[in-house]
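J.: Position one of the sequence shown corresponds to residue 33 (my numbering), numbered consecutively onward.
The beta-carbon is built from N, C-alpha and C at its ideal position, and this holds for glycine as well.
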Amino acid sequence: LESMLDFPVSYMDELSRSFQTSIEPAKDNYRILKLTKKFPDGCQVTIENIFFDVNVPGEFNLYLAELATLGANGEVNDQCYRKGYASSALSEFLDISDRYGIEVDLTAASQDKEKFPNRKLVSFYHDHGFQHYGNPNKGTVEMTRPRKKD
């Protein structure tokens, strides 16, 4: 909760101009920042992040807990895949996060190994500036996108 009080309001304002935003309660003492980007054909991308406060005051990390491309009803819809929506929404989110020097971490773990094997997921995140540790063919791969320093 402490990190939520110190989180840059201007960052949240900027995210709100590009995404529908909500802060949702989660287990324990953290909160989830949910971002939704809707596209003209009804498809949408949701990005769920967990706030983390790190050692240096004013420097924050976000843990990207989920990135999903969904249909208008919020359910998985194959017609919304392979249109670049996830890439577009993630790029916009990361550009805003970069302006505020926020590091983003994640665990790459494909939910559909047939359609999107983990090595492809790791490659997708790598193309967005994430570095990985471990074997990209394994079930989960820890990745980080270091904070940008001005």
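Is histidine 160 helix, strand or coil by DSSP?
T.: Coil at histidine 160, not helix or strand.
J.: Could you please give the first and the last residue of the uninterrupted alpha helix (DSSP H) stretch that includes aspartate 130?
T.: Bounds of the alpha helix (DSSP H) holding aspartate 130 are 117-131.
J.: Tell me the DSSP secondary structure of glutamate 4 in three-state form.
T.: With the chain represented from 33 up to 182, any question about residue 4 goes unanswered, as that position is not in the structure.
J.: Short of 6 Å in beta carbon distance, which residues of its chain neighbour valine 173, apart from the five on each side in sequence? Order them along the chain.
T.: Ala140, Val154, His164, Gly166
J.: Evaluate glutamine 76 with the Cβ neighbour count: other Cβ atoms within 10 Å of its Cβ, from every protein chain shown; 16 or more gives buried, anything less gives exposed.
T.: Buried, since its Cβ has 16 or more Cβ neighbours within 10 Å.
J.: For the stretch 94-107 against the stretch 144-152, do three or more pairs of beta-carbon atoms, one drawn from each stretch, fall closer than 8 Å, so that the two count as touching?
T.: They do not touch, by the three-pair rule.
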